[in-house]
Structures are given as C-alpha cells and as structure tokens.
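Quick note on the working numbering: the sequence shown kicks off at 727 and runs consecutively.
Step one of this worksheet: look at the structure below.
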Amino acid sequence: MDLKAYLGERRDLVNRALESYLPKGRGPAVRVTEAMRYSLFAGGKRLRPILCLAGAEAVGGDPGEALPVAGALEMIHTYSLIHDDLPAMDDDDLRRGKPTCHKQFDEATAILAGDGLLTAAFHTLAVAAPRYEGRENGLLEVIQVLGAAAGYQGMVGGQMLDLLAEGRKITFQELETIHRLKTGALLTAAVRTGALMGGGSREEVTRLTGYGEKFGLAFQITDDLLDVEGSAAEMGKATGMDEKRHKATYPALLGLEKAREWARSLVEEAVASLEPFGSGAEPLREIARYLLVRRA
Ligand code: GRG
727 MDLKAYLGER
737 RDLVNRALES
747 YLPKGRGPAV
757 RVTEAMRYSL
767 FAGGKRLRPI
777 LCLAGAEAVG
787 GDPGEALPVA
797 GALEMIHTYS
807 LIHDDLPAMD
817 DDDLRRGKPT
827 CHKQFDEATA
837 ILAGDGLLTA
847 AFHTLAVAAP
857 RYEGRENGLL
867 EVIQVLGAAA
877 GYQGMVGGQM
887 LDLLAEGRKI
897 TFQELETIHR
907 LKTGALLTAA
917 VRTGALMGGG
927 SREEVTRLTG
937 YGEKFGLAFQ
947 ITDDLLDVEG
957 SAAEMGKATG
967 MDEKRHKATY
977 PALLGLEKAR
987 EWARSLVEEA
997 VASLEPFGSG
1007 AEPLREIARY
1017 LLVRRA
C-alpha cells in the first residue's frame, strides 16, 4: 500500500472533522477558541486519530463511524502538548514548527486553551451520541477508555511521575511505567477505541490493544532517538532537550544501538499481534513499520 497517500488522505479527513467540531469564532470568548484552534491546526501528524480510524478498519468497520472519537483523541493530545510546553512543565518555545501556545498568546490563555480542548473532546462525543442510537453502551465504553487513558490512571499520572523523576536517577522499570502511561496510554486507547467503534469482537479488541501497547513503547523510543538524532527543522520543536534537561531516556539508559534494536523488536511484536487480521489491518502494519524510519 502507499502509506504516504493513505496518511495524507486520513489527515485531511480528520482535519475536516476537527474543523466542524471546533469552528472559528465559537463561544463567548473568541480569544480562547483562537488559541485552541491555533494549536489544534498547527500541523500535527494526526497519528492518534489515524490509528483510531485504522483500528476500526482492521476489524472490518467503517472508519467514518469512528471520526468523532478520532477528533476527541486529537483534542486531548493537543491539550496535553499545550500544557506540557508551559513554563511550569517543559517550558518550550517551539511546537509543531510554531511558537508554543503560551508564546503566541500568553500563559493564562494557554492554560485555558488546554482546558477548553480537553472539555471539548468529551463534549464532541456527547454531541455525536444520537448518531449511535442503539449502540450507546459501546460509546460509553469508549468514553471510559478515553477518560482513563487521558486522566490520572494514564497520561496525567504518567506526566506526574515524569515530573517527580526529574533530577534523580531512575530504573529502567520506572522509565517504562512513565512512558506506558504518559505516551502509551493515549496511543493504545486510539487503536482500542477504533476497534470498539468498528464493532470488533472482544478478542479483536484485546489483540489491537496489545498492538497499541507495543506501538506506544516503540513510538516513545523512536521519539527519544529523534531527540538525539533528528533536526529541529524536521521535528518542529527543539531537539537535544532530553540531554540538556538530564532526562532519563531509552538511548541514555540503553545506548543508541540497543534502543534502536528494542524499538525494532517492539514493532515486530506489534505487527505479530495483527497476525489473525486480514488486509484490513495493513495500514496498522505499515504505520508500525513507519515508526522505525520516521523523521518527525
Ligand atoms: C500535560 C497532562 C499533560 C500531559 C503531557 C504527551 C505529554 C504528556 C507530553 C508531551 C511530551 C512529549 C514530547 C512526549 C513524547 C511523545 C509525544 C507525545 C510526542 C508528540 O507527539 P506527536 O509526535 O506530535 O504525535 P504531533 O505534533 O505530530 O501530534
């Protein structure tokens, strides 16, 4: 398959959906919607929504049915980036190739933009609910999965552990827990919710969740590698920051070659989880392999 064309077509689909969920000039305070839209449309890869649509496709479902969930995932992800870039957290100036939200607007507006996006994610799902008449329980399960993955049991918990680990030596096990929660939980939820929205069987959902877990870890390792080997121009954010901040990373703990090897074996395991699936899972296979060659 032509992965580049597939990703481009899916990105456009997601962008059109996001445009309809968060149109210009919405709400009583245009400044906050402007800030939300500034970060949301700053040009991310749309990896989480694409994984969600691909999860639906893998189980033979209609990816269009998963679009509101895909949009919600991207809103949650963008909120996490806005807050992560704040002076109280990573204090970054560049994201998605543009000034970070608090640099472009101001700190208070960036906090509100993040809050607005997180809230809009769940609001979007509630607004879409009538479309799923007769399948309300499925939608509720999706909301549960998303809430847990984004919240204290997942991404927020992982971010807290990451902040607590600053300036101290951590074990490999601790590093893995941080990343499983901080980055992996939302990526796993993307594939899982896609499979649920596509009407996958329990076994299919479990298998795709396994894929998401391996994918999430491999993604983080390649993200760490790109921080060492990538360029700011390609990444749209400053690189070399992990070392500067003395952050524990996979390359720092394992060395570059071992980290690369581990990412490779996780990608193989992710692809192996898809063994019983037919050609509908080809995008998921290709996206996993793409992790090993991505430059951004
Ligand atoms: C503030 C609650 C809260 C959580 C922040 C995800 C996160 C937790 C922080 C981001 C820090 C970071 C750079 C983690 C590495 C992995 C990651 C999430 C990279 C960015 O995701 P991409 O590459 O970005 O999918 P785009 O811009 O393409 O969407």
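Where is the CB? At the ideal position from N, CA and C, for every residue including glycine.
Since this is a predicted model, take the numbers as computed values, not measurements.
Boundaries of the alpha helix (DSSP H) in which residue i is found, first to last residue
i	result
Tyr764	Val756 to Leu766
Pro1009	Glu1008 to Tyr1016
Thr845	Glu833 to Ala854
Leu1027	Because the chain is modelled from 727 through 1022, residue 1027 falls outside the range shown and cannot be assessed.
Leu901	Phe898 to His905
Gly883	Met881 to Ala891
Reduced DSSP secondary structure (H/G/I, E/B, other) of residue i
i	result
Lys771	coil
Pro1002	coil
Arg736	helix
Ala1022	coil
Gly860	coil
Arg990	helix
Arg918	helix
Gly910	helix
Gly873	helix
Lys895	coil
Report yes or no: do three or more beta-carbon pairs, one from the segment 791–801 and one from the segment 909–921, lie closer than 8 angstroms? yes
Ignoring anything shorter than 4 residues or poking outside the segment 768–826, list the alpha helix (DSSP H) runs there in chain order. 773–784 and 793–810
Count the CB pairs spanning the segment 827–839 and the segment 759–766 that are closer than 8 angstroms, and state whether there are at least three. yes
Whole alpha helix (DSSP H) elements within the segment 921–987, 4-residue minimum: 928–955, 958–961, 967–970 and 976–980
How do the segment 730–739 and the segment 766–781 stand: do at least 3 beta-carbon pairs fall below 8 angstroms, yes or no? Counting Cβ pairs under 8 angstroms, three or more are found: they touch.
The segment 740–751 touching the segment 971–990, judged by at least three CB pairs closer than 8 angstroms: Cβ pair count under 8 angstroms is below three, so no.
Below 8 angstroms, how does it come out for the segment 857–872 and the segment 817–824: are there three or more Cβ pairs, yes or no? no
Give a yes or no on contact between the segment 801–812 and the segment 780–787, applying the rule of three or more CB pairs nearer than 8 angstroms. no
How do the segment 991–1011 and the segment 950–970 stand: do at least 3 beta-carbon pairs fall below 8 angstroms, yes or no? no
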